[in-house]
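My numbering numbers the first residue of the sequence shown as 1 and each following residue consecutively. Even for Gly, the Cβ is constructed at its ideal location relative to N, Cα and C. First the structure, in the form of C-alpha cells, and then the observations on it.
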Amino acid sequence: MKPARFDYHAPERLDEVLELLADDEHDVRVIAGGQSLVPMMNFRLAVPEVLVDLRRVEGLHQVEIDAGGALEVGAAVTQARVLRDARIKDGWPLLHEGISHIGHPQIRSRGTVCGCLAHHDPHGELPALAVALDAELVVAGPHGRRTIPAEDFFASYYEVALEPGELLVAARFPALAPHTGWGFAEITRRRGDFALVGVACILPPGGEPRLAFFGVGDTPVLVTDPTAISESVAPLDDLHASAQYRREAAVTLGEMVVAQARERSGA
Ligand SMILES: Cc1cc2nc3c(=O)[nH]c(=O)nc-3n(C[C@H](O)[C@H](O)[C@H](O)COP(=O)(O)OP(=O)(O)OC[C@H]3O[C@@H](n4cnc5c(N)ncnc54)[C@H](O)[C@@H]3O)c2cc1C
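See below:
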C-alpha cells in the first residue's frame, strides 16, 4: 500500500520545527530516518497529515563529547554514524555493540539513535541501552528545554514522556569510569530481527551491575540485583515466544552478561 496524502516540510531551524509541531489542529509528526514511520504509513497504521523532516535542521547533527566527558548524540544522527565513531567504540563500547545488532546496514544508514528512543519499541535495543547507560534525553518544546532520565522516559509500548509539541533533540550518555565492565546479549531468530529477549549490562567498578532487559515487558526493565531477574521481568506470550521461555532466557542471558562484565572490568 502507499501512504495517505500528507504535507511535507524540511525546515533548517529548530524553531521552525517547534512552530510546526505546535499546530494542534493537524496530526503533525517528525520524520527522522523513516525506518519505522514509513512502513507504518505504508500500512496506514500511521496517517500523519503533516511530516516535518529533521535531516536538514541545524544543531541536530552533533556527536560531541563535552568537558565533563558526556557524549551527546543529536536527533539527526544515524545509527551507522555512531558505529563508525572510534571515540564511541572506545568510550561507550556497550552502545557500539548494542547498536550493531539493530536491523541491517541499510536500516542503520538511515535510522537514527533518537528516532529509536522516541519510537520506543520495547523489543528494540536502544531504549534498554539508554537505561543501562543511565542516559538523559534532552527535549525541546513550547515551554523551553528539559532533560528526562532514560529510566523515566519510556512509558509503554510506543509511548514516551514527550508532551504534545515536544521534540527529542539529543540523547546524552555520561562518561563511564575506567574499568567499568559491560556485557550485551540478545536472542533473535535471525541476525537483524527484533530480539525475543535481550539485555545490556554495565558494571561500575566496585558497584552493583545495571542490567536493562528488553523484550520482557512494555518498557526496558532495570534490574540491579542479578538474583532477582526472574521476579523483575514481566514478559508476555506472543506469536514468537512464550512468557515462560522469555523469563528463563532473561535469567540465562542476565547471568551471562554479568559474567562478561566482570571479566571485562578485570574484577
Ligand atoms: C527491516 C527492519 C528491521 C529493523 N530492526 C530493528 C531492530 O532489530 N532493532 C530496533 O531497535 N529497530 C529496528 N528497526 C527500526 C529502526 O531501527 C528504526 O530506525 C527506528 O525504530 C526508528 O528510527 P528512525 O530514525 O528511522 O525514526 P522514524 O521512523 O523517522 O520515526 C519513528 C517515530 O519516532 C518519531 N520520532 C523520530 N525522531 C524523533 C525525535 N527526535 N523526537 C520526537 N519524535 C521522533 C517519529 O515521529 C515516528 O513516530 C528495524 C526497521 C526495519 C525496517
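Got a sec: does ligand 1 put a non-hydrogen atom nearer than 8 Å to the Cβ of VAL38? Under cutoff, so the answer is yes.
What did DSSP end up calling ILE102 once you bin it into helix, strand or coil? DSSP places ILE102 in coil when its eight states are reduced to three.
Relative to ligand 1, is the shortest distance from any of its heavy atoms to the C-beta of ILE148 smaller than 8 Å? It does not: the Cβ of ILE148 is nowhere closer than 8 Å to a heavy atom of ligand 1.
Excluding the 5 residues flanking VAL160 on each side, which residues of the same chain have their C-beta closer than 7 Å to its C-beta? ALA118, HIS120, PHE153 and PHE154
So, is HIS179 buried or exposed, given that buried needs 16 or more other C-beta atoms within 10 angstroms? exposed
Do you know how far the Cα of ARG172 is from the Cα of GLY68? 12 Å
Does PRO149 come out as helix, strand or coil in the three-state DSSP assignment? strand
Taking only the alpha-carbon atoms, compute the straight-line gap between PRO220 and ALA150 and give it to the nearest angstrom. 10 Å
What residues match up with TYR8 in a beta bridge as DSSP calls it? Its beta-bridge partners are LEU51.
Have a look at PRO164 and GLY91 and give me their C-alpha separation to the nearest angstrom. 34 Å
If you measure from the CB of ARG110, is any heavy atom of ligand 1 nearer than 8 Å? Distances between the C-beta of ARG110 and the heavy atoms of ligand 1 include at least one below 8 Å.
Check whether the Cβ atoms of GLY33 and ARG110 sit closer than 9 Å, and answer yes or no. yes
Any heavy atom of ligand 1 closer than 8 Å to the Cβ of LEU71? No, Cβ of LEU71 sits at least 8 Å from all heavy atoms of ligand 1.
With 16 other Cβ atoms within 10 Å as the buried cut-off, status of GLY207: The residue in question, GLY207, is exposed, as its Cβ has fewer than 16 Cβ neighbours within 10 Å.
Apart from the five residues on each side of it in sequence, which residues of its chain come closer than 6 Å, Cβ to Cβ, to VAL52? HIS9, VAL17, LEU20 and VAL30
My assumption, with CB atoms under 8 Å, is that GLY181 sits in contact with ARG55. Please give the rounded CB distance. No, GLY181 and ARG55 are not in contact; Cβ-Cβ is about 36 Å, not under 8 Å.
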